[in-house]
Amino acid sequence: MKEWLKKHDTLYFMLTNKRFVGGMIFILSMVTLAILGPWLAKIELRWYLENGVKEALDPTANIGIPYSPPSSQHWLGTNSFGQDVFLQLVYGLRSSLLIGIIGGGLATFIGLVVGFVSGYSGGMIDELLMMLTNIMLVIPTMAVLIIIAAYLPYRGVMIESVIIGFTGWPWTARAVRSETLSLKSRGFVHLARISAVKPMRIIFGEIAPNMLSYVFMVFILQFGGSILAAVGLDFIGLGPTRGTSLGLMLQQAVLWNAIQLGMWWWIIPPGAIITALVAALYTVNTGLDEAFNPKLREM
Amino acid sequence: MIKIENLTKIYSTGVVGRGGIVAVDDVSFEIKTGEIVSLVGESGSGKTTIGKLILRLIKPTKGKIYFAGREISRYKPLEYYRNVQGVFQDPFSSFNPIYKVDRIFENVNRYLLNLPKSEFWGKVEESLKSVGLNPRDVLGKYPHQMSGGQLQRTLIARALVIGAKFLVADEIISMLDASTRVDVLNILGDLRDSMGLSILFVTHDLSLGYYISDTTVIMYRGSIVEMGDTEKVFKNPVHPYTKMLLESVPTLDRKWKPSEEIFKVEGDVTSFKGGCKYYSRCPFRKDVCREFDGKLSEVEENHWAACILFGGD
Numbered sequence: 086m087k088e089w090l091k092k093h094d095t096l097y098f099m100l101t102n103k104r105f106v107g108g109m110i111f112i113l114s115m116v117t118l119a120i121l122g123p124w125l126a127k128i129e130l131r132w133y134l135e136n137g138v139k140e141a142l143d144p145t146a147n148i149g150i151p152y153s154p155p156s157s158q159h160w161l162g163t164n165s166f167g168q169d170v171f172l173q174l175v176y177g178l179r180s181s182l183l184i185g186i187i188g189g190g191l192a193t194f195i196g197l198v199v200g201f202v203s204g205y206s207g208g209m210i211d212e213l214l215m216m217l218t219n220i221m222l223v224i225p226t227m228a229v230l231i232i233i234a235a236y237l238p239y240r241g242v243m244i245e246s247v248i249i250g251f252t253g254w255p256w257t258a259r260a261v262r263s264e265t266l267s268l269k270s271r272g273f274v275h276l277a278r279i280s281a282v283k284p285m286r287i288i289f290g291e292i293a294p295n296m297l298s299y300v301f302m303v304f305i306l307q308f309g310g311s312i313l314a315a316v317g318l319d320f321i322g323l324g325p326t327r328g329t330s331l332g333l334m335l336q337q338a339v340l341w342n343a344i345q346l347g348m349w350w351w352i353i354p355p356g357a358i359i360t361a362l363v364a365a366l367y368t369v370n371t372g373l374d375e376a377f378n379p380k381l382r383e384m
Numbered sequence: 187m188i189k190i191e192n193l194t195k196i197y198s199t200g201v202v203g204r205g206g207i208v209a210v211d212d213v214s215f216e217i218k219t220g221e222i223v224s225l226v227g228e229s230g231s232g233k234t235t236i237g238k239l240i241l242r243l244i245k246p247t248k249g250k251i252y253f254a255g256r257e258i259s260r261y262k263p264l265e266y267y268r269n270v271q272g273v274f275q276d277p278f279s280s281f282n283p284i285y286k287v288d289r290i291f292e293n294v295n296r297y298l299l300n301l302p303k304s305e306f307w308g309k310v311e312e313s314l315k316s317v318g319l320n321p322r323d324v325l326g327k328y329p330h331q332m333s334g335g336q337l338q339r340t341l342i343a344r345a346l347v348i349g350a351k352f353l354v355a356d357e358i359i360s361m362l363d364a365s366t367r368v369d370v371l372n373i374l375g376d377l378r379d380s381m382g383l384s385i386l387f388v389t390h391d392l393s394l395g396y397y398i399s400d401t402t403v404i405m406y407r408g409s410i411v412e413m414g415d416t417e418k419v420f421k422n423p424v425h426p427y428t429k430m431l432l433e434s435v436p437t438l439d440r441k442w443k444p445s446e447e448i449f450k451v452e453g454d455v456t457s458f459k460g461g462c463k464y465y466s467r468c469p470f471r472k473d474v475c476r477e478f479d480g481k482l483s484e485v486e487e488n489h490w491a492a493c494i495l496f497g498g499d
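Chains E and W, in that order, are what the protein sequence lines are.
Numbering of the first sequence is given in the working numbering, commencing with residue 86 and proceeding in unit increments.
Numbering of the second sequence is given in the working numbering, commencing with residue 187 and proceeding in unit increments.
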């Protein structure tokens, strides 16, 4: 095992990097919590289920006694409406992670395609795509998000992540473009061109694989960025109209004076998870930076 | 085989193409079938740009290039690259570091040749052997496991597999050890003799050019200053720049002593524009050079020079 890892040195440096491993452990445990959440909730709310309260597993159902602090029946207590905070938390975590994957994935994908095409083709196409990118960059994203979100009467997690994905790509596009510019003047790209390889094959077969580590890092940053953007939207009341999310929990907790009422169990868990999740993603990113860039490796 | 007519390439530098660098300035010459032409010049003289233009890696600003009598932009990529191939300066960057060496051959078969697998790899092994490589040392290896000389020869083998009739060899020796240089040069010479391959040999090294080529073209700042039969250009250099280049070639049996006549330039006129491009560095310059249009004139049969003072009529 150790020998095999030594041969794949990037993987070796990834797995021996404290930042990467630490951040990854936290992220994976959050993912596990999100996946196992509904099942854990069944254990938590077994009393209600045994007594035939079928809607107990709906995070928006007002099942418990309002304002109750954490107990064995409600692990993280209930909020002002009697909703179970733990149940909301696991479902909120699910939608936050989903927004991270879809929104971050979409932003990464658009950024990559725009960056590759723009950098590789050059000329008029490049100028047009970069003009579009620059316009997207100078438009304040939050304002656009507010306007778009306000126009949609019914908003789900999907719509929210698509909106975030479509506004988050410009920096990625610019970075990928400049990297493509430097790679396309390499000999192997010229050689592929005089082998009559098609432009798309050159971009995705020759240039893109050389940027795999960078793409991976960009995705992680976009993942964290999308979660934060979604929390921002939720907090000002433009989050999903159905279901729940970590940002919505924070918004309601503030609206219903959770802090003044001393209901720490309502506001601290979602806030802490968001902060820790985004911090862990950035930590993983710096860890990856060290693994992929030999100059930064701790020897 | 390849005919270049009034070729000009201007690299634009401004945002929408305002201003530019003239890399190649109204160049015309011809490469005949089975001929090796060496294109000699210092950095920035435009020699690599001409190679790229012939390989259609960049588009000319003005002028035309003909291959077998037809303008090159009118060929389909497939048709063109089956006949015209290139080998580049840096063998290490010519291979994608994340793939095995086989990849460059796989691309060739997938896009250019479409031969049955066994027939194709048979051809690959054959051409690897013909450039003095053992196929087992090459196939299945990663580029970083091979030496520069091996990689450069693999690239020549690639051009052979394609069966190209014309090869642009862009500074292919400059990254190699002195001992492997002559080997690679001899491979090129053998290919010309046995297969009638025509080669544009781009180099900054006069002695290599002399060793291998039939015709020599000397460039300075985007223009041809002298060209003709290699023997004639080297035996009877006319242009002061050619003389200076020849004088700068180090020889084994004597220490270098700058010749006053060719190197000493009095006064500084670097700001001067127009007229002869070599004016600011030329020790023989006269006022007439300021009016010179840079046209080549015949010195003797198959020997032209662009100098108003020494270059024929």
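Even glycine gets a Cβ: it sits at the ideal position worked out from N, Cα and C.
Asked                                                                                                                                                                                         : Found
Quick one: what does DSSP say residue 291 of chain E is sitting in, helix, strand or coil?                                                                                                    : helix
Going along the chain, which unbroken runs of the alpha helix (DSSP H) with 4 or more residues stay wholly within the stretch 97-137 of chain E?                                              : 103-129, 131-135
How about residue 247 of chain E and residue 182 of chain E: do their beta carbons lie closer than 9 Å?                                                                                       : no
Is it true that the CB of residue 335 of chain E sits closer than 9 Å to the CB of residue 251 of chain E?                                                                                    : no
Could you tell me which residues DSSP pairs with residue 413 of chain W in its beta bridges?                                                                                                  : W:403, W:490
Let's see if you can read the secondary structure: which residues bound the beta strand (DSSP E) around residue 142 of chain W?                                                               : Absent from the model: residue 142 of chain W. The displayed extent of chain W is 187 to 499, so no value can be given.
Of all the options E:94, E:110, E:239, E:285, which has the alpha carbon lying nearest to the alpha carbon of residue 328 of chain E?                                                         : E:239
Could you tell me whether the Cβ atoms of residue 188 of chain W and residue 240 of chain W are closer together than 9 Å?                                                                     : yes
Could you tell me whether any Cβ in chain W is nearer than 9 Å to the Cβ of residue 203 of chain E?                                                                                           : no
Name the chain W residues that come within less than 7 Å of residue 273 of chain E, Cβ to Cβ?                                                                                                 : 279, 280, 281, 282
Output the residue ranges of the alpha helix (DSSP H) runs that lie fully inside the stretch 291-335 of chain W and measure 4 residues or longer, sorted by chain position.                   : 303-316, 321-324
Evaluate the contact criterion for the stretch 271-280 of chain W versus the stretch 337-353 of chain W: three or more CB pairs, one atom per stretch, below 8 Å.                             : yes
Going straight from the alpha carbon of residue 326 of chain E to that of residue 235 of chain E, what length do you get?                                                                     : 11 Å
Residue range of the alpha helix (DSSP H) that residue 357 of chain E falls in?                                                                                                               : 349-377
Roughly how many angstroms lie between the CA atoms of residue 254 of chain W and residue 193 of chain E, to the nearest whole one?                                                           : 47 Å
Output yes if chain W places a C-beta closer than 9 Å to the C-beta of residue 283 of chain E; else output no.                                                                                : yes
Relative to the C-alpha of residue 120 of chain E, which candidate in E:172, E:215, E:106, E:167 has its C-alpha closest?                                                                     : E:172
Just checking: is the beta-carbon of residue 331 of chain W within a distance shorter than 9 Å of some beta-carbon in chain E?                                                                : no
Output, in chain order, the set of chain A residues within a Cβ distance shorter than 8 Å of residue 352 of chain E.                                                                          : Chain labels in this structure do not include chain A; the protein chains are E and W.
Could you check the C-alpha separation between residue 108 of chain E and residue 178 of chain E for me, to the nearest Å?                                                                    : 17 Å
Looking only at DSSP bridge pairs, what is residue 195 of chain W linked to?                                                                                                                  : W:210
From residue 378 of chain E to residue 298 of chain E, what distance separates their C-alpha atoms?                                                                                           : 10 Å
Where does residue 445 of chain W land, buried or exposed, given buried means 16+ other C-beta within 10 angstroms?                                                                           : exposed
List the residues of chain W whose Cβ lies closer than 7 Å to the Cβ of residue 278 of chain E, in chain order.                                                                               : 243
Which same chain residues, not among the five before or five after residue 197 of chain W, have their C-beta less than 7 Å away from its C-beta?                                              : 206, 207, 209
Nearest chain E C-beta to residue 290 of chain W closer than 9 Å, yes or no?                                                                                                                  : yes
Touching or not, the stretch 271-291 of chain E and the stretch 299-314 of chain W, by the rule of three or more beta carbon pairs under 8 Å?                                                 : no
In this structure, what does DSSP give as the bridge partners for residue 245 of chain E?                                                                                                     : In the DSSP output, where bridge partners are listed per residue, residue 245 of chain E has none listed.
Rounded to the nearest angstrom, how far is the Cβ of residue 376 of chain E from that of residue 98 of chain E, given a contact under 8 Å?                                                   : 4 Å
Along the alpha helix (DSSP H) that carries residue 153 of chain E, what are the first and last residues, could you check?                                                                    : Taken as a continuous stretch (DSSP letters only), residue 153 of chain E belongs to no alpha helix (DSSP H), as it is neither H nor E.
Scan the stretch 255-268 of chain W for residues whose Cβ lies nearer than 7 Å to a Cβ of chain E and list them as they occur along the chain.                                                : 263, 264, 267
Between residue 395 of chain W and residue 490 of chain W, which are expected to be in contact by the criterion C-beta below 8 Å, what is the C-beta distance as a whole number of angstroms? : Not quite, the Cβ-Cβ distance comes to about 17 Å (not below 8 Å), so this is no contact.
Under a three-way DSSP split, which group does residue 384 of chain W fall into?                                                                                                              : strand
Under 9 Å, Cβ to Cβ, is there at least one residue of chain E near residue 206 of chain W?                                                                                                    : no
Rounding to the nearest angstrom, what Cα-Cα distance links residue 197 of chain E and residue 152 of chain E in this structure?                                                              : 48 Å
Give a yes or no on whether the minimum CB-CB distance between residue 291 of chain E and chain W is below 9 Å.                                                                               : yes
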